[in-house]
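Structure record follows, encoded as structure tokens.
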Amino acid sequence: IQAQVTALAAAQYEAGALAQGLPAAQAAAYGQQQGAIAGATAAALVSVDDPSSATPLNTQNASLQWAPRFAEGLRLSGTWLFTEIDMTLNITTPNSTLTGVNTVATTVDIENVSSIVGSVEYTRGDTILSAEYNMIRVDVGDIFGSDVPTTEVLGWAVSASHRFTYWFELGAYYGDWVTNDRDRDGSELEGQLDEDGRPRFKEERWMRDACLTTRFDLNENWIFKLEGHYMSGLDDVDFGNDPDPDPDWFLFASKVSYNF
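The sequence shown maps to residues 4 to 263 in our numbering.
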């Protein structure tokens, strides 16, 4: 990908410089310089995780639920989704000698984005047990003539809850989410640069969440909830103000709701 972007960027930058009146020799030199920078930038930035924009096309989905009569309280469900996506990648170099000609944009057609979700739930009295598995498959095809490996995003979760009284319920769950099954340990991601030029961390590849939940039904209308989470991972976490984020962290949340 880097070589393809370098060649494409060099041509675009040279054309932009010529359009602004630079002599041919200087425009060619500028194009080569910016092309090399763009190629290096693309090697770090071009991925399914970092699109400038994405437009879904041709979306199809189906869902099925089954509650077998021979197992009271059991419910099985599955969901399938398929779509195509037009994704735009903007590759910008840090050299702004000629304003307006230091950005290359290209559109990529992601031919296959599919998602499969399977879940099972069992209810017995005031106890609910459930489990869920989710797989998202992204097949980009090729970018600039280079084949991009298929990405599989995998996630699963298990949960349990029990209502001890009419006003108090206790629950717990554990969830695991990996954004690329080929790189579960994050070794391919570590050291790459994000869109702001900062190094990425291997822990951005996953998120694991162990949670304890409580629910208090204060009366027929008011509900109060408390949650405590132990989190491991940095996926989808905004740590822009922290150059060295801790991948193991805690989250506490509370919620009050009124139901009419």
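Idealized CB from N, CA, C, for every residue including glycine. For clarity, every value in this text was computed on a predicted model and none was experimentally measured.
Query raised in the report: Just to confirm, are residue 228 and residue 218 a CB contact at a threshold of 8 Å?
Result: For residue 228 and residue 218, yes; Cβs fall inside 8 Å.
Query raised in the report: With 16 as the cutoff for other CB atoms within 10 Å, does residue 25 come out buried or exposed?
Result: buried
Query raised in the report: Could you give the residue range of the beta strand (DSSP E) that holds residue 179?
Result: 171 to 181 is the span of the beta strand (DSSP E), which, as asked, contains residue 179.
Requested in this report: Within 10 angstroms of the Cβ of residue 209, are there 16 or more other Cβ atoms? Answer buried if so, exposed if not.
Outcome: buried
Query raised in the report: Smallest Cα separation from residue 128: which of 112, 77, 222?
Result: 77
Query raised in the report: Contact check, residue 193 vs residue 203 under 8 Å by CB: the rounded distance?
Result: Distance from residue 193 to residue 203 at the Cβ level is roughly 7 Å; contact confirmed, criterion being Cβ atoms closer than 8 Å.
Query raised in the report: So is residue 173 buried or exposed if we call it buried at 16+ other beta carbons inside 10 Å?
Result: exposed
Query raised in the report: Roughly how many angstroms lie between the CA atoms of residue 31 and residue 90, to the nearest whole one?
Result: Whole-angstrom Cα-Cα distance: 29 Å.
Query raised in the report: How about residue 67 and residue 87: are their beta carbons less than 8 Å apart?
Result: For residue 67 and residue 87, no; Cβs fall outside 8 Å.
Query raised in the report: Out of curiosity, what's the CA-to-CA distance linking residue 253 and residue 133?
Result: 24 Å
Query raised in the report: Looking only at its own chain, which residues have a Cβ that is under 7 Å from the Cβ of residue 261, when we skip the five neighbours before and after it?
Result: In its chain, beyond the 5 residues on either side, 224, 225 have a beta carbon closer than 7 Å to the beta carbon of residue 261.
**Report entry** Beta-carbon proximity list for residue 178, same chain, < 6 Å, skipping 5 on both sides
**Finding:** 160, 212
**Report entry** Straight-line Cα distance separating residue 136 from residue 257
**Finding:** So the alpha carbons of these two residues sit roughly 27 Å apart.
**Report entry** Assigned secondary structure, residue 21 (DSSP; H/G/I helix, E/B strand, else coil)
**Finding:** In the structure shown, residue 21 falls within a helical segment according to DSSP collapsed to helix, strand and coil.
Query raised in the report: Could you check where the beta strand (DSSP E) with residue 141 kicks off and where it finishes?
Result: That run of the beta strand (DSSP E) goes 130 to 142.
Query raised in the report: Thinking C-beta only, is residue 175 closer than 8 Å to residue 126?
Result: no
**Report entry** Assigned exposure category for residue 33 - 16 Cβ within 10 Å defines buried
**Finding:** buried
Query raised in the report: Beta-carbon separation of residue 183 and residue 154 under 8 Å?
Result: yes
Query raised in the report: Does DSSP put residue 34 in a helix, in a strand, or in coil?
Result: helix
Requested in this report: Rounded to whole angstroms, what's the CA-CA distance from residue 181 to residue 187? Just pull it up for me.
Outcome: 7 Å
Requested in this report: Below 8 Å on the Cβ atoms is my guess for residue 81 versus residue 19; work out the distance and round it to an integer in Å.
Outcome: The Cβ separation is near 51 Å, so there is no contact.
Query - Alpha-carbon spacing of residue 207 relative to residue 234, whole angstroms - result: 12 Å
Query raised in the report: For residue 195, does the three-state DSSP call read helix, strand or coil?
Result: coil
Requested in this report: Since I believe residue 123 is in contact with residue 79 (beta carbons under 8 Å), could you give me their beta-carbon distance rounded to a whole number of angstroms?
Outcome: 5 Å
Requested in this report: Starting from residue 231, trace the beta strand (DSSP E) both ways and give me its first and last residue.
Outcome: First-last of the beta strand (DSSP E) with residue 231: 225 to 236.
**Report entry** Which listed residue (236, 245, 240, 259) has its alpha carbon closest to that of residue 273
**Finding:** Because the chain here runs from 4 to 263, residue 273 falls outside it and cannot be looked at.
Query - Cα-Cα separation between residue 169 and residue 191, rounded to whole angstroms - result: 50 Å
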